[in-house]
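Per the working numbering, the sequence shown starts with residue 36, numbered consecutively.
We put the CB at the ideal spot given by N, CA and C, even for glycine.
All values reported here derive from a predicted model rather than from experimental measurement.
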Amino acid sequence: MDDGLMISRSDLILRLAEPDDSNVLFDLIKGLAEYEKLSHAVTGNALDLKEHLFGSPKYVEAILAEYAGQAVGFALFFYNYSTFLTKPGIYLEDLFVLPEYRRQGIGKALLSKLAQIAVERNCGRLEWSVLQWNESAQAFYRSMGAAILDDWRICRVTQEAMQELANKG
C-alpha cells in the first residue's frame, strides 16, 4: 500500500463471491489482463461472468478478498478431474491482487483459502498455470509448496480452430 502499512489479517475478509460482486470481480479481471499485458484479449463481460458464477449450470466459483470495504483481489476456480487419482481437483484459473496491495499476504491468504476448500471437498489436487516470464509469481508459488511441472505444456483450441475441429468428426 502507498502508506507502507501492513494489512492486518483481521482486517482482511475472504469470502465466496455473491451475485452482486460480478461487476467488481470483472473489473479485477480487467486489472489482471492489464498486468499481464493482455487487455486486448478480454472480450467477455460482467453479465456473462455472473451467469457462469451463479447460473445453472454453475461453471466457476470465486473468492473475493476485501480490505476496508474494497475488493483488492480474487481467486477464480473450477473443478477438474484426475483419472489416476479418481478424485476431483480444483483448477485455479486466476489469482490476482491489485498492485498497491501486493506483498501484504493477500495472495497467500487466497491460495491458502482455496487449499482449505480443496481439502474440505476431498479434492486430490490443486493446480494452476503461471506465465513463463512471471518469475516473481513462480517464486511465490514455490514458496507456497507448489511444484512447477516442466514436462507439461498447455494445449489450447479456440474459436475458429475449435469449430474446424468440431467439424472433423
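Item	Value
For Asp-83, the first and last residue of its enclosing alpha helix (DSSP H)	81-89
Candidates Trp-187, Cys-158, Ser-147 and Asp-56, of which the one nearest Val-165 by Cα	Trp-187
Under the three-state DSSP convention, the category Thr-193 falls into	coil
Three-way DSSP call (helix, strand, coil) for Pro-92 in this model	coil
CA-to-CA distance, Phe-113 to Phe-89, given in whole angstroms	13 Å
Separation of Lys-203 from Leu-133, as counted between CA atoms	43 Å
Test item: CB-CB of Ile-189 and Leu-149 under 8 Å	no
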